[in-house]
Amino acid sequence: MFQVSPPRANPGSEDGVAILPAPSNLSVHSANMKHLLVWSPVALPGETVYYSVQYQGEYESLYRSHVWIPSSLCSLTERPQCDVSDDITATVPYNLRVRATLGSRTSAWSTLKQPFNRNSTVLTPPVVAISKDGFHLVIELEDLGPHFEFLVAYWRREPGAKEHLKVLRNEGVPVHLATMEPGAAYCVKAQTFVKAIQRHSAFSQPECVEVRGEALPLALALFAFVGFMLILAVVPLSVWKMGQLLQYSCCPAVVLPDTLKITSSAQKLITCRRDDEDACATAVLSAEELCGVWL
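Here the working numbering is used: the first residue of the sequence shown is 102, the next is one more, and so on.
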């Protein structure tokens, strides 16, 4: 009789069931406190493989080594990377691991070779945009997140100029730095500082802005102010003078010659003779009354 041997399992299988390969080449790319765990994907043509990420802080590593915490953003994700910035909240070593899932099959866990500490993040100089608003020097800094502060240096571009320093929070809005003088150029540079890891970046390249042609509007404004003050002084005087002219034009003071003056004795200026001999009245009018009658 011939003895039949049981079928041998294929390489890479357990009990005749194919084993899902584990992700490989785990590494962390970290810049400006943004931590990205990446790995080589599991290549299965025609299949969609999902990945899950877990982490373990210093406390778990030392006292509860069997406890792993699922990443808040990477549970069954399709992309071979995971942003673990929100999971790494302390400046201590973190262990990270990832595994692949396909249907009911899962791979073994692949663990980062060396624990990651966020103090190894690369800090780059901030992106700086400067502008002028009239005579105001204005700076706007890129938004790098709540961990960042900025040390800003600014100075007037001239030999021996003194640098002025100002610490700004990352508010993401334009900030007034200084008041500039007409015809002068001002330069600005900035660096980031992260208090959580006690590190700072290099300074950005200086950027300069110049106030040109701004003296003319200032002179015009001064001229307009002086003109306004002159108007306030001249207009009332002109109104008073015009009133005097109108008074003498409309109601002049009448000075009668001596020959036309009427004495206090009663006289008849005009004798009217008609068929019915009417009496003619004699009227004596003053200069003021004459003017009232004329008007």
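C-beta: ideal position from N, C-alpha, C; glycine also.
- If you draw a 10 Å sphere on the C-beta of Thr293, you find 16 or more other C-beta atoms in it, and that means buried.
- Under the DSSP assignment, Tyr195 falls outside any alpha helix (DSSP H); it carries neither an H nor an E label.
- By the Cβ-count criterion, Asn133 is buried, with 16 or more other Cβ atoms from all chains shown falling within 10 Å of its own Cβ.
- Residue burial is scored here from C-beta neighbours: Gln299 has fewer than 16 other C-beta atoms within 10 angstroms and is therefore classed as exposed.
- Membership of Ser162 in the alpha helix (DSSP H) is indicated by the continuous run Glu159 to Tyr164.
- Contact annotation: Arg219 and Ala209 have beta-carbon atoms that are not nearer than 8 Å.
- About 15 Å separates the CB atoms of Val253 and Lys263; that is not less than 8 Å, and the two are not in contact.
- DSSP lists Val199 as the beta-bridge partner residues of Ser211.
- Contact check for Lys290 and Ser305: beta-carbon distance about 5 Å, within the 8 Å limit, so the pair qualifies.
- Taking a cut-off of 8 Å for Cβ pairs, the segment 187-197 and the segment 147-162 touch, as three or more such pairs fall below it.
- Taking the Cβ atoms as the reference, Arg206 lies roughly 20 Å from Trp169, outside the contact range of under 8 Å.
- Per DSSP, the beta bridge partners of His237 are Asp234 and Thr280.
- Within the same chain, Cβ atoms closer than 8 Å to the Cβ of Val239 are found at Ile231, Ser232, Lys233, Pro275, Val276, His277 and Leu278, the five residues on either side in sequence being excluded.
- Only exposed fits Gly147, as fewer than 16 other CB atoms lie within 10 angstroms of its CB.
- Of Trp256, Pro124 and Leu333, the smallest CA-CA separation from Arg180 is found for Pro124.
- Judged by their CB atoms, Thr280 and Phe236 are nearer to each other than the 8 Å cut-off.
- Only exposed fits Gly261, as fewer than 16 other CB atoms lie within 10 angstroms of its CB.
- Pairing Leu145 with Leu138 gives a Cβ-Cβ distance that is not under 8 Å.
- Val139 is bridged by DSSP to Ser128 and Gln182.
- Taking C-alpha positions only, His136 is separated from Gln182 by approximately 10 Å.
- Where Glu308 is concerned, the enclosing beta strand (DSSP E) starts and stops at Glu308 to Glu311.
- Checking the DSSP bridge columns, you'll see Glu250 partnered with Arg270 and Phe294.
- For the pair Phe249 and Val295, the CB atoms are nearer than the 8 Å cut-off.
- In the structure shown, the three-state DSSP call for Ser176 is strand.
- In the three-state DSSP reduction, Leu242 falls in the strand class (E or B).
- By the neighbour-count criterion, in which a residue is buried when 16 or more other Cβ atoms sit within 10 angstroms of its Cβ, Phe329 is exposed.
- DSSP places Ala334 in the helix class (H, G or I) of the three-state scheme.
- Per DSSP, reduced to three states, the secondary structure at Phe217 is strand.
- Of the candidates Gly158, Gly273 and Ser141, the residue whose Cα lies closest to the Cα of Val193 is Gly158.
- Spanning the alpha carbons of Leu245 and Ala334 requires a straight line of approximately 58 Å.
- Under the three-state reduction of DSSP output, Val150 falls in the coil class, being neither helix nor strand.
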